[in-house]
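Structure, as C-alpha cells:
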Amino acid sequence: MAPRRRIIPVFIPHYGCEHDCVFCNQRSISGVSAPARPEDVRAAIRSALADMANSETRTYAAELALYGGSFTALPVEQQEGLLSAAQELLEISLENSIRVSTRPDCIDELTVRRLKGFGVRTIELGAQSMCNEVLRLSRRGHTAADVEAAAELIKSSGLSLILQMMTGLPGDTDEKSISTARQFAALKPDGVRIYPTVVVQGTALYDMWREGTYREHTVDDAVELCAGICAIFEGAGIPIIRLGLNPSERLSAGEAAAGAYHPSLGELVYSRVCLNTASDLLEGVSPGSDVVITVSKGSLSQMVGHRRKNVEALIGKFSLRSLKVVESDVKIVTNVTIL
125 MAPRRRIIPV
135 FIPHYGCEHD
145 CVFCNQRSIS
155 GVSAPARPED
165 VRAAIRSALA
175 DMANSETRTY
185 AAELALYGGS
195 FTALPVEQQE
205 GLLSAAQELL
215 EISLENSIRV
225 STRPDCIDEL
235 TVRRLKGFGV
245 RTIELGAQSM
255 CNEVLRLSRR
265 GHTAADVEAA
275 AELIKSSGLS
285 LILQMMTGLP
295 GDTDEKSIST
305 ARQFAALKPD
315 GVRIYPTVVV
325 QGTALYDMWR
335 EGTYREHTVD
345 DAVELCAGIC
355 AIFEGAGIPI
365 IRLGLNPSER
375 LSAGEAAAGA
385 YHPSLGELVY
395 SRVCLNTASD
405 LLEGVSPGSD
415 VVITVSKGSL
425 SQMVGHRRKN
435 VEALIGKFSL
445 RSLKVVESDV
455 KIVTNVTIL
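Numbering (this note's numbering) for the sequence shown: 125 to 463.
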C-alpha cells in the first residue's frame, strides 16, 4: 500500500510572476509576505520530519510543495537554490518528492528537464480558464492554447500534472466554467483544484467590484456551479484535491471582501452533490412514501446537509412522509430504498 503523503508547504507569494491578474493578492491568500529562502526550505523540512518521527503513524511520505507565485519564472539560480535545499528530503526516502506551481506560459522542455533533474515529480498549472476572453479580462497573459501545450509537455515528460481552475472570473459564465471543466478533463490531469473567485482587498478585482463593473461570484453561486463541475471530474476519474481557498486569518478578518469565501466551501459543495444525486434517484417516487437513503461511511453529514437542509428539501420536493439516511460500511454508490 502506498504511504499517505505529508505535504510540507513553502510559499513564494507572487514572486516570479510578471503579470498582475485582477484577482491576485498572494500575500493575503497565503498569509506570507516574504520570498522563501533555501534556509526556509531546510527549516520546513526538518520541522516536518521531526513531527513525523514523533507521530504514531509511520506510513507517511513527505512532499515539499513550493506554492504561490510562478516558480519557473523565478531566476534560474533562485530556483536551483530552493530545489538544492530540498535534496536532503529526497535522500531520506525514494517515496519523498517535490512539487512546484507555475503558469502555463512559463514551461518549456529545458525547464522541465531542469526540474526533473532536481527530483520534481509534480507540476501544478494555474490555468484558471479555457476561455480566452475570460483569460484576457482577468489579465492572465496566456491563452487556452498555452494551457494545452504545457499540459501535454508535462504529461509526456512523465511528471504528474495538476490543473487549477477558477469559477466566477470577469466575463465568466456557468456555461464557460462547465466548458473549462470538460476541457480540463480531456487533458487527463492527475488532479484538479477548483477555486471559486474571491474578491480580495488590494486587487484590481476589488476596485472593479467597488465600482460595480464586476458582480461577485457568491457562495451560493459557487456551490451550485461547482456541484456540476465535481460531477464532471468525478465521472472522468480525476481527483479533486482542493475546493475553495484555504481559510486564513487575514481573509477571515475581512480581506476577503466579497465572493465565494467560506471556511467550509468544499463541504457545502459536496453536500449539494449529494442532494442532486438523491433528487435524481427519487424522481418518480410516490408522494407519501417512506424512504431510506444509504450512503458510504463518512458521507452521512454531507447527505443530511447543514441543519438537515437536504433532508427537508427532499421531503418537501417529493412530498415524502419520512426520509432516513443511513451509512454503509461498504463503499457504495448512493441508493434509495422505498419502504
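Ideal Cβ positions, reconstructed from N, Cα and C, are used throughout, including at glycine. These numbers come from a predicted model, not from an experiment.
Exercise. Check whether the Cβ atoms of ARG245 and ALA185 sit closer than 8 Å, and answer yes or no.
Key: no
Quiz item: What residues are listed by DSSP as bridge partners for VAL324?
Solution: ALA380
Exercise. Check each candidate in ALA346, LYS279, ILE318 and LYS441 and name the one with the smallest Cα separation from PRO411.
Key: LYS441
Quiz item: Are VAL324 and GLU379 close, meaning C-beta to C-beta below 8 Å?
Solution: yes
Quiz item: Which residues in the same chain as VAL450 place their Cβ atom closer than 7 Å to its Cβ, once the five residues preceding and following it in sequence are excluded?
Solution: VAL416 and THR418
Practice problem: Would you kindly check if the distance between the Cβ of ILE216 and the Cβ of LEU188 is under 8 Å? | Solution: no
Quiz item: Quick one: what's got a C-beta closer than 6 Å to PRO371's C-beta in the same chain, skipping five residues either side?
Solution: PRO387
Quiz item: Grouping DSSP H, G and I as helix and E and B as strand, with all else coil, what is LEU198?
Solution: coil
Practice problem: Within its chain, find whatever has a CB closer than 6 Å to the CB of GLY292; leave out the 5 residues flanking it on each side and keep chain order. | Solution: PRO320, THR321 and HIS341
Quiz item: Where GLU248 and ILE286 are concerned, what is the direct C-alpha to C-alpha distance, given to the nearest angstrom?
Solution: 4 Å
Self-check item: Distance between beta carbons of SER281 and VAL224, contact taken as under 8 Å
Solution: Not quite, the Cβ-Cβ distance comes to about 13 Å (not below 8 Å), so this is no contact.
Quiz prompt | From GLY205, ILE362 and SER403, residue whose alpha carbon lies closest to that of PRO313 | solution = ILE362
Practice problem: Throw me the rounded Cβ distance for the CYS230 and ALA268 pair, which I believe falls under 8 Å. | Solution: About 16 Å; that fails the 8 Å criterion.
Quiz prompt | Inter-residue spacing [alpha-carbon to alpha-carbon] between ALA305 and ILE439 | solution = 32 Å
Exercise. Between the Cα of LYS433 and those of SER443, LEU399, LEU311 and ILE278, spot the shortest distance and give me the residue it belongs to.
Key: LEU399
Exercise. Please work out which residues of its chain come closer than 7 Å, Cβ to Cβ, to ARG330, disregarding the five sequence neighbours upstream and downstream, and give them in chain order.
Key: In the sequence under discussion, the amino acid at residue 330 is Tyr, which differs from the Arg named in the question. Here the set comprises VAL323, VAL324 and ALA381.
Practice problem: May I have the straight-line CA-CA distance separating GLY390 from ALA351, to the nearest angstrom? | Solution: 10 Å
Quiz item: Helix, strand or coil for MET332 per DSSP?
Solution: helix
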